[in-house]
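Asker: For the sequence shown, this note's numbering assigns the number 3 to the initial residue and increments by one for each residue that follows. Okay, here's the structure, questions in a sec.
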Amino acid sequence: MSEIASSCSWRRTGSAFEFCGVTLDSCHDDPAQSNPEYLTLSKLVSSTARAVIGVLLALAASLISAHVFAGTDARTAVPLWFILVLYVLAWRYGFIAAVIGCLLCVFVFAHYLFDPTGSWHVEDAAARKSLLWMVIGTIAVSYLFSPSSSQRNDS
3 MSEIASSCSW
13 RRTGSAFEFC
23 GVTLDSCHDD
33 PAQSNPEYLT
43 LSKLVSSTAR
53 AVIGVLLALA
63 ASLISAHVFA
73 GTDARTAVPL
83 WFILVLYVLA
93 WRYGFIAAVI
103 GCLLCVFVFA
113 HYLFDPTGSW
123 HVEDAAARKS
133 LLWMVIGTIA
143 VSYLFSPSSS
153 QRNDS
């Protein structure tokens, strides 16, 4: 018995282990290699986390912009310029992050940037149109020009 135990030992060969001349291929360092469900779940968590980060960045940028431009004459143009910010977020974090971020930005701008401040109602017709164009422009530009998730993962 001790002769068998002394002649049999664990030995690593590439990505597998060998014990007493028998190769065990089921032992992998990477759980994604042995479990395809793990790979799918990790991609889902990764894409969800990526979208959440993009939405939070859009929300933070809109809050900062609303406080910086509140009470200035340039505040009507802020949502139109914000299309560029949301496009960059769509390019980096995905289309969903840009769309959800855009909708949250509309609420932030309506509440903090336009009169009456602190209300969801926007009195100025030009400001309402600017918010509408921000939504339409962000969706169109993000959908047409942001890379697909496979192109984004390649880079």
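Cβ atoms here follow ideal geometry from the backbone N, Cα and C, with glycine treated the same way.
1. Is it a yes or a no for the region 91 to 109 touching the region 73 to 80, going by three-plus beta-carbon pairs under 8 angstroms?
2. What residue range does the alpha helix (DSSP H) around F109 cover?
3. What three-state label does DSSP hand R148 in the structure shown?
4. Taking a contact to mean a Cβ-Cβ separation below 8 angstroms, would you say A53 touches G120 in this structure?
5. Nearest-angstrom Cα distance between L59 and H69?
6. Roughly how many angstroms lie between the CA atoms of K131 and V143, to the nearest whole one?
7. Which residue's Cα is closest to the Cα of A129: P81, L91, I55, A99?
8. Hey, would you say A99 sits closer than 8 angstroms to T140, going by beta carbons?
9. Using three-state DSSP, classify V1 as helix, strand or coil.
Answerer: Reading off the structure:
1. no
2. Note, F109: alpha helix (DSSP H), 97 to 110.
3. Going by the sequence as given, residue 148 is Ser instead of Arg. It is coil, neither helix nor strand.
4. Not in contact: A53 and G120 (Cβ atoms no closer than 8 angstroms).
5. 16 angstroms
6. 18 angstroms
7. P81
8. no
9. Past the boundaries of the shown model lies residue 1; the chain is included only from 3 to 157, so the question cannot be answered.
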